[in-house]
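>
There are 6 protein chains.
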Amino acid sequence: MTAAQADIEELSIKAHTLTEALPYIKRFWGKTVVIKYGGNAVSDEPKSLDTFVEDVVLLNFVGIRVVVVHGGGPQIDALLSRLGHASSFVRGLRVTDAETLESVKMVLLGQMNPLLVSRINLHGALGVGVSGADGSMVLCRAISEEHGYVGKVVRVDPSLLENLLQMGRIPVVASIGVDEEAQLYNVNADLVASELAGALKAEKLVFLTNVEGIRGDASDPSTLIRQMKADELKEMLQDNSISGGMIPKANSALLAIERGVASVHLLDGRLPHALLLEVFTDHGIGTMLYA
Amino acid sequence: MTAAQADIEELSIKAHTLTEALPYIKRFWGKTVVIKYGGNAVSDEPKSLDTFVEDVVLLNFVGIRVVVVHGGGPQIDALLSRLGHASSFVRGLRVTDAETLESVKMVLLGQMNPLLVSRINLHGALGVGVSGADGSMVLCRAISEEHGYVGKVVRVDPSLLENLLQMGRIPVVASIGVDEEAQLYNVNADLVASELAGALKAEKLVFLTNVEGIRGDASDPSTLIRQMKADELKEMLQDNSISGGMIPKANSALLAIERGVASVHLLDGRLPHALLLEVFTDHGIGTMLYA
Amino acid sequence: MTAAQADIEELSIKAHTLTEALPYIKRFWGKTVVIKYGGNAVSDEPKSLDTFVEDVVLLNFVGIRVVVVHGGGPQIDALLSRLGHASSFVRGLRVTDAETLESVKMVLLGQMNPLLVSRINLHGALGVGVSGADGSMVLCRAISEEHGYVGKVVRVDPSLLENLLQMGRIPVVASIGVDEEAQLYNVNADLVASELAGALKAEKLVFLTNVEGIRGDASDPSTLIRQMKADELKEMLQDNSISGGMIPKANSALLAIERGVASVHLLDGRLPHALLLEVFTDHGIGTMLYA
Amino acid sequence: MTAAQADIEELSIKAHTLTEALPYIKRFWGKTVVIKYGGNAVSDEPKSLDTFVEDVVLLNFVGIRVVVVHGGGPQIDALLSRLGHASSFVRGLRVTDAETLESVKMVLLGQMNPLLVSRINLHGALGVGVSGADGSMVLCRAISEEHGYVGKVVRVDPSLLENLLQMGRIPVVASIGVDEEAQLYNVNADLVASELAGALKAEKLVFLTNVEGIRGDASDPSTLIRQMKADELKEMLQDNSISGGMIPKANSALLAIERGVASVHLLDGRLPHALLLEVFTDHGIGTMLYA
Amino acid sequence: MTAAQADIEELSIKAHTLTEALPYIKRFWGKTVVIKYGGNAVSDEPKSLDTFVEDVVLLNFVGIRVVVVHGGGPQIDALLSRLGHASSFVRGLRVTDAETLESVKMVLLGQMNPLLVSRINLHGALGVGVSGADGSMVLCRAISEEHGYVGKVVRVDPSLLENLLQMGRIPVVASIGVDEEAQLYNVNADLVASELAGALKAEKLVFLTNVEGIRGDASDPSTLIRQMKADELKEMLQDNSISGGMIPKANSALLAIERGVASVHLLDGRLPHALLLEVFTDHGIGTMLYA
Amino acid sequence: MTAAQADIEELSIKAHTLTEALPYIKRFWGKTVVIKYGGNAVSDEPKSLDTFVEDVVLLNFVGIRVVVVHGGGPQIDALLSRLGHASSFVRGLRVTDAETLESVKMVLLGQMNPLLVSRINLHGALGVGVSGADGSMVLCRAISEEHGYVGKVVRVDPSLLENLLQMGRIPVVASIGVDEEAQLYNVNADLVASELAGALKAEKLVFLTNVEGIRGDASDPSTLIRQMKADELKEMLQDNSISGGMIPKANSALLAIERGVASVHLLDGRLPHALLLEVFTDHGIGTMLYA
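Protein chains in written order, with my numbering: chain A, 1 to 291; chain B, 292 to 582; chain C, 583 to 873; chain D, 874 to 1164; chain E, 1165 to 1455; chain F, 1456 to 1746.
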């Protein structure tokens, strides 16, 4: 076998890999997929951003309508600490006073959002950054008096996203909301992703997190659940079989199912190309939830 | 005359005022107007934001395609000082190192842009915030090595703005640019406004500043020039009759004329409803420049 | 205060007046308003035509879809008398023989309609005159044998008006109908306006007449009713509290409400800018009827 | 041969006749044909209106964009005489004072136009009557001071006709013009037809008159010219070989050729289905003029 | 009467014939008509193809959406015999082995389809040949094991035809189906026509055959039934009053009625212009079936 | 490493392979690629059809507008021999009498075309088979009297292909042409592909053949030319460095370049996924020709 032949053979294998994706491309062509990308993903594994962006762009080019929703927890912590502003927490939620809100806005809109958009645009003029205030997309009110400017979603208007998707763009949404008096709010990004996925009648909602998925026994990696019904997850929540940071994520996932999203996926975003693997193979990465 | 009659009469006068705007509405219906709104305008006269927003929304409702471009100089200074980061200037331009750029992005995208968008949206889901990185709209490269991340506009792609305008939105543009390696840049907002006005074939470009306009004699308010040709302004620049902060503004205005914008207006944005007066009356507020 | 400053101040007040209309513009943007303009309005107060036309054109430019319907009673009387053709009336309706019908057509189509259209077009190529025969828009049959060519509306086809509105035109409709044998009819303009408003799903139907509105006590101007429910008007009709020329007008208004029009307004068209005041202020001019 | 067979045979011949029109239908499908229909045609031969209307509707259904332009000379004479208003003529043109103009408008817009429209609409909601004032379609100025309100065409705006044609309607145009001060004018219908045909880039302009066409020798019917170049007609005009009422018609025809219309046809409209024969056969009816 | 006058008179009669078609053109304008054209029609009466094609093209030009479906029985027999491949029949259906299927495909797609398409295109670039495999239009499965590749229609997807009709084309459909494993099938053309007519919500389905229509008494031509309800035909089938080759045709016709087609026509395609006569006259050619 | 981990790792590699195609997908998104698929490809290596079809469908799903053109030489030989009809050749071209033409049509339209279409449609309702007669797409005349029905392309009308591509279909074109008298012709498929690629302003034309590409020395595989300019190929043709079946292929390739196609590729279609490798890698398979 000559060198050239070896090359050709290797290329043929690669070409074959491309065609293996055909059934998945067909199945999701023209469908909407909402992806929640966590701030952890960026900070824990800087290089993973590039493979994530490649995945997003590839999904777009093969005809999937992709919406990215992001938060930025660790980055907000960093800025607050730099500004010497201490945070307090009530029932697991950061109390958001006016100054904290400024930092949240500056991080999400001024750091995370342009970072994602500009990286996506290395592959063409695709990414457009928006927040829930743009086009009054995410209407909020305060979740409680004591939490300050932490918002609870009252109504979402997906028309701006629909328009951007129709133009062939990839909207990148920062989890900021707005009320009817033009006050901005800090909103949990998982909830924003669920609400938008519902309003867009998305086929899939994918949470890229820093855990593998839901485990039958939280402490035992071998008990990772590949697929489960929404009702089963509800039971696990009632049984307290779900704990810690997974609780709000599970509730967001259930909300999306309730809003009519066909399947919700919880994946470890640190795994290279986790998104692509989940959409383009039958092999379960993480946990898939369905109605 | 009864009270009710007096009311009716007053109302009739108001109705008459509305119809006086008819010839202007007809003239600009369907045309594009780009407005540069300075950071000073917000900080000097907080209430002026509300009347500015009313003007912008009214222009939109009477059929004008409005684009707002904003900077945020004073607010950037405030954040840098709060973060204890000193700025140095070279030939009148702020040297923008990585940390300064972070502050620029956080202020423009995280503070100024959502402020303008959310205020506009008090009047309906109209405003959509974008930066020059969205849709790769403002392509830049470094203006010089010593200035760091200060960008020089290489090319603008107005397609995202065209799409937003077509959907009936009011785009609010933060003066951030991006290069081909996804590096963001701080770009002078006047230049961004001029380039976008040119690319959008705008009818008018309006600079809302904190001076009345161009004066024949900079120290004498009574020498305000109402209308002038671009060539006259060029001569004044060569004669050094223009000085200080007006020099870059004059250059931006000339650039817009060169790019094909029909008229450029320099107004004092602190005057209530300055924008509306300029568009809807024949009475000259500030200085109008034309080819 | 210098003269220039005084000017500026006056202009600012005018600009403020413009922005006061914003909430109304927003509320009616894209909505349809049908206006019945009576022949009396032209003959009683010739100058009022100009302010009426300004109002119509302004409504159009701020995004309202305007349809004008007109009759021409006094002008028809004048032509008939000039041609020496006496009219007889049966139960309040003019008996319309072939010769009378010729006069009706000549006045409505040959005098009133081009007058309104050409005045509107002083503000741009907006007005397009049509009659109920154009595009078979108003299908009629004879109201009774003894009334001759007085038509009763059988069905309206609003597609021609929809098309003209979509092109940005202001249709001006003469109250002529047609039957299935191509016979034309004289139709009451109030009824035509009500039927068209219903078929166009109009937001508002405005009758510009020569009375102020409906009074609780017909002889006492101070009893003008600002707002009333359709049911209250029905009761007044049954109680005979409504009399004379107001009876058919009241019935037309009730018909429009029945056809689904949100509100019907009876105004004194002789008041300058009555139309604009009714649409653009909360202050009640005349009487507003709603379901 | 049974009776039924005879029927079938007759029907087959009819079907064959239909298919004979195929080459003409193909040739003119999607093309615009402007038809000038004279007032004489209606008054001389009342029944001819029905066959004319059938022809117009058939052309429309086989995919030709048809515009009808009409005058109403004899009918105007009748009304003026009835109103006891004498006409004077200067250089062959009726002096049109304000009162004469009123009669012209009443006849064209109030009698002729709705007559044509309502007859066309016996075949569906196709006809829409317009005048040159609608949509400011025919802009005029006075032809001379002494002629009063006789208009000379300054500019035509075919956009309203284009829109109506696009909706599948048949516009019926009364030869009324308007100037920039909203003054209406009496305009020669042949000229209006020529100008509109030019502006619409019509394939054909057909004058339906009460003469057979242009004759080599005006007094000898056997010298009817079937086809001629525009230049030949110009020479005949210079030679005074054309006389009387044919002179203005010839000039209008030449104007249309100059405006880019491919062919102009002068036909005797009293011949049943003259229009259809001209468009759908190769046999020359009347005279065809081409560049 | 001169020769020219005689000509003109003859032409006038022809023109009148054209206008007689007006009511039918109006009734069917924009409607869909599916025509089953049998292989017999071509072989029995070669010249009839030209008049058939003229009819099809004329229907298209007067605004009817025409779809032609064809089989090719006699031509298939000829090819099979030439290739020395004998056919066997089970319950009236040709057993279709792989080799027979090849011949069916070669005749329908390689002979009949391009013949029809190219003849239609003598009148413009109108005809586009397709089979049930194109765009997966006719999905089949085997009708029984013993019949081999004889298909039974499982589902039709009319989107390709809708698209072609929208572009103004005349689709010519060969009666080939396909299953989900890409196996092609021989499908009865009458059934394909009925299923497509149903899916396209056709106004009419016309079977051009070599018999006159349905007779009350199969042996007596004078008992031809002009119009009948679907229920009456069902009864005749149950009574065995229908026999031979008419049975499957009757069943296809009933299927179309069931699928919502307004009327089904059985005509003798050998009669010149039979199609046009059926669509454009009230005189019954053949038998019309309705719900 | 656990089994699951091994799986994940393998999947990650596959995912990475997918993203490697991104730059190529971006470059060709929305572009048109015409592919000539030879009859040899099917007969020599039956399984290659499946991988070819996968490649075509994948290109379509990633946004490339794909047109497949095919011939069927070997299959035509087979049918002719089966029908006992000998072929003669004149100057390398098969003399095509009426009977030969029938066989050509039957093979191309009845065998090859539905085979390709139905295989493509295993991946969705994408493929639509057409010939040059459909929509009068490929207009021909006889190449010479002695060659009979061998066609020479006179003009191509790509509108049908444009329409099909716009609907998202994959047109599959059989190399049949038609003249203005509806006579069909046998046309060289390479020429049809070149002409269509030119008319569609294709980015690429790919010839899938049974040779590797063009060699500097025809007898030495190691002299395969990876890239060459059109002018170099012309020189080789003049030098007689190109011989045999490669001559007409080289001429077709040059024709496409002349018609404005950016690059023409000659590949060995027997190599699995040759098409995908050529479009999606920088590694040269075969020979690429450019202007």
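Heads up, the beta-carbon is just placed ideally off N, CA and C, and yes, glycines get one too. All figures in this text were calculated on a predicted structure; none of them were measured in a lab.
How is Tyr-328(B) classed by DSSP in three states: helix, strand or coil?
strand
> So is Lys-1607(F) in contact with chain E if we call contact Cβ pairs under 8 Å?
no
> So, for Ala-1711(F): in the same chain, excluding its five sequence neighbours on each side, which residues have a beta-carbon less than 7 Å away from its beta-carbon?
Correct list, in chain order: Ser-1649, Ala-1652, Gly-1653, Leu-1660, Val-1719.
> Going by beta-carbon coordinates alone, are Val-1164(E) and Tyr-1201(E) separated by less than 8 Å?
Residue 1164(E) is absent from the model: chain E starts at 1165 and stops at 1455.
> Excluding five sequence neighbours on each side, which residues of the same chain lie with their C-beta closer than 7 Å to the C-beta of Met-874(D)?
Note that Met-874(D) scores 40 on pLDDT, short of 50, meaning its location in the model is unreliable; the coordinates nonetheless yield the value given after this. Result list for Met-874(D): empty, nothing under 7 Å.
> Report yes if the CB atom of Val-940(D) is closer than 8 Å to the CB atom of Pro-1044(D), and no otherwise.
yes
> Excluding the 5 residues preceding and the 5 following Ala-604(B) in the sequence, name in chain order all residues of the same chain whose CB lies nearer than 6 Å to its CB.
What the structure shows of chain B is the stretch from 292 to 582, and residue 604(B) is not part of that stretch, so it cannot be assessed.
> With a 10 Å radius around its C-beta and 16 neighbouring C-beta atoms as the bar for buried, classify Asp-1063(D) as buried or exposed.
buried
> Return the chain-ordered ranges of every beta strand (DSSP E) run that is complete within the segment 625 to 688 of chain C and spans a minimum of 3 residues.
647 to 652
> Does Asp-1052(D) come out as helix, strand or coil in the three-state DSSP assignment?
Collapsing the DSSP output to three states places Asp-1052(D) in coil.
> Where do the N-terminal and C-terminal ends of the beta strand (DSSP E) with Asp-1645(F) fall, by residue?
First-last for Asp-1645(F): 1644 to 1654, but that is the alpha helix (DSSP H), not the beta strand (DSSP E).
> Quick one: measure Cβ to Cβ for Val-1302(E) and Val-1356(E), integer angstroms, because I've assumed they're closer than 8 Å.
6 Å
> Quick one: residues in its chain with C-beta nearer than 8 Å to the C-beta of His-70(A), no 5 flanking neighbours on either side, listed in chain order?
Lys-36, Tyr-37, Gly-38, Gly-39, Leu-108, Met-112, Asn-113, Leu-116, Val-172, Val-173, Ala-174, Ser-175, Ala-189
> Got a sec: which bits of the segment 338 to 351 of chain B sit with their beta carbon under 9 Å from any beta carbon on chain C, in order along the chain?
Thr-342, Glu-345, Asp-346, Val-348, Leu-349
> Which class does Ser-1718(F) belong to by DSSP, given the choice of helix, strand or coil?
strand
> Extract the residue ranges of the beta strand (DSSP E) inside the segment 113 to 169 of chain A, only unbroken runs of 3 or more that lie entirely within it.
127 to 131, 138 to 142, 151 to 156
> Buried or exposed: Phe-671(C), going by 16 or more other Cβ atoms within 10 Å of its Cβ?
Classification of Phe-671(C): exposed, given that the 10 Å Cβ count is below 16.
> Whose Cβ in chain F lies nearer than 8 Å to the Cβ of Ile-1261(E)?
One point to set straight first is that residue 1261(E) is Asp, not Ile, in the sequence displayed. Ordered by position in chain F, no residue passes the 8 Å Cβ test against Asp-1261(E), which lies about 16 Å from the chain.
> For Leu-1678(F) versus Arg-1670(F), is the C-beta distance shorter than 8 Å?
Note that residue 1678(F) is Thr in the sequence shown here, rather than Leu. Contact flag set, yes.
> In whole angstroms, what separates the C-alpha of Leu-1389(E) from that of Gly-1377(E)?
Looking at the sequence provided, one finds Ile at residue 1389(E) rather than Leu. Those two C-alpha atoms are separated by around 7 Å.
> Leaving out five residues on either side along the sequence, give the residues of the same chain with a beta carbon under 6 Å from the beta carbon of Val-1559(F).
Ile-1531, Asn-1641
> Assuming Val-95(A) and Glu-145(A) are in contact, meaning their beta carbons sit under 8 Å apart, how far apart are those beta carbons, in whole angstroms?
The Cβ separation is near 11 Å, so there is no contact.
> Would DSSP call Arg-900(D) helix, strand or coil?
In this structure, Arg-900(D) counts as helix in the three-state DSSP scheme.
> Chain E beta carbons: is any one of them nearer than 8 Å to that of Gly-1582(F)?
yes
> When the distance is taken between beta carbons, is Leu-1149(D) closer than 8 Å to Leu-1186(E)?
no
> When you compare the CB of Ser-1339(E) with every CB in chain F, is at least one pair closer than 8 Å?
It does not: the Cβ of Ser-1339(E) has no partner Cβ on chain F nearer than 8 Å.
> Residue ranges of each beta strand (DSSP E) run of no fewer than 3 residues wholly in the segment 1658 to 1687 of chain F, ordered along the chain?
1659 to 1664, 1682 to 1684
> Distance, Cα to Cα, Phe-901(D) vs Ala-1147(D)?
17 Å
> Relative to the C-alpha of Gly-705(C), which residue among Ser-630(C), Tyr-872(C), Val-635(C), Ile-725(C) is closest?
In the sequence on display, residue 705(C) carries His and not Gly. Cα-wise, what sits closest to His-705(C) is Val-635(C).
> Going by CA-CA distance only, name the one from Leu-1162(D), Thr-1160(D), Asp-1155(D) that's closest to Asp-1171(E).
Asp-1155(D)
> Assign Thr-1196(E) to one of three DSSP states: helix, strand, or coil.
strand
> Could you please give the first and the last residue of the uninterrupted alpha helix (DSSP H) stretch that includes Asn-1415(E)?
Run containing Asn-1415(E): 1410 to 1422, per the alpha helix (DSSP H) assignment.
> For Glu-1326(E), I'd like the list of residues in its chain whose CB is within less than 8 Å of its CB, leaving aside the five on either flank, ordered along the chain.
Leu-1364
> Helix, strand or coil, according to DSSP, for Met-583(C) in the structure here?
Reliability fails at Met-583(C), whose pLDDT of 40 lies under 50, so the model's placement of it is uncertain and the value that follows must be treated cautiously. Reduced to three states, the DSSP call for Met-583(C) is coil.
> Mind listing which residues of the segment 1122 to 1155 of chain D have their C-beta closer than 9 Å to chain C's C-betas, in chain order?
none
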